[in-house]
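The sequence shown begins at 1 in UniProt numbering and counts up one residue at a time.
Here a beta-carbon is modelled for each residue, glycine too, at the ideal position from N, C-alpha and C.
Here the structure is a predicted model, which is why all the values come from computation and not from measurement.
What follows is a set of notes on a single structure, which appears directly below.
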Amino acid sequence: MIIVGAGLNHWFHLDMNYRGLINMLIFCGCVGQSGGGWAHYVGQEKLRPQTGWQPLAFALDWQRPARHMNSTSYFYNHSSQWRYETVTAQELLSPMADKSRYSGHLIDFNVRAERMGWLPSAPQLGVNPLRIADEAKKAGMTPVDYTVKSLKEGSIRFAAEQPENGKNHPRNLFIWRSNLLGSSGKGHEYMLKYLLGTENGIQGKDLGKQGGVKPEEVEWRG
1 MIIVGAGLNH WFHLDMNYRG LINMLIFCGC VGQSGGGWAH YVGQEKLRPQ
51 TGWQPLAFAL DWQRPARHMN STSYFYNHSS QWRYETVTAQ ELLSPMADKS
101 RYSGHLIDFN VRAERMGWLP SAPQLGVNPL RIADEAKKAG MTPVDYTVKS
151 LKEGSIRFAA EQPENGKNHP RNLFIWRSNL LGSSGKGHEY MLKYLLGTEN
201 GIQGKDLGKQ GGVKPEEVEW RG
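See the structure below:
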């Protein structure tokens, strides 16, 4: 497997670099082999048009600054790759840490971070946020008080707690200069199955079939 980082000069030698990598993979018979291939990950794309469209794309006319969800959490959640995750938080902890404080699945920590306001999420809630103001007005409450009360009561839940509920699926995805669903997505087969609901080539078994550690904060659907 070839892992490409920022050590290569992407700005000048990009085309020749990639042609060389592709040739090596083909010569070694690595293309199409499980565990082999090319893992490109460099988040340094300079988006020139972003300056013009960001007021619309990020709703900056409503509130600043925008709270962007990181793409790793987004696709880990919505492509249901967490259903196949066998690495536990305990394996990643320092030997000096109190392991009893870090139970559950890795996706549980995403949900807890969202609940505490540390991590933005899209979608954020299991209801349309545009309707919350109307519901709060009917209840004679401010939108903030109504939302807090509803979250405590459980009548409103975070979308990440029920990622496989149809109402919490992403509805719009705008992609800039990428072939995300065709070739460049990390976990392509999972995106085909869970994000698009189409034919796929997933080989592994999910945690339900493996008998692995399931999430504590996230609703599991068989």
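Bridge-paired residues (DSSP) for residue 38: 2
Limits of the unbroken alpha helix (DSSP H) element including residue 129: 129-138
Along the chain, where does the alpha helix (DSSP H) that runs through residue 198 open and close? First-last for residue 198: undefined, no H or E at that position.
Go ahead and pull the three-state DSSP assignment for residue 174. coil
Comparing alpha-carbon positions, which option in 2, 58 and 56 lies nearest residue 31? 2
Would you mind sorting residue 72 into buried or exposed? The rule is 16 or more other CB atoms within 10 Å of its CB. exposed
Since residue 69 and residue 122 are thought to touch, with beta carbons under 8 Å apart, how far apart are those beta carbons, to the nearest angstrom? 5 Å
Going by the CB atoms, is the gap between residue 111 and residue 219 shorter than 8 Å? no
Among 75, 74 and 58, which one has its Cα closest to the Cα of residue 67? 58
Bridge partners - residue 180, DSSP secondary structure assignment: DSSP lists no partner for residue 180.
What's the call for residue 170, buried or exposed, on a 16-neighbour Cβ count within 10 Å? exposed
Decide if residue 55 is buried, meaning its Cβ has at least 16 other Cβ atoms within 10 Å, or exposed. exposed
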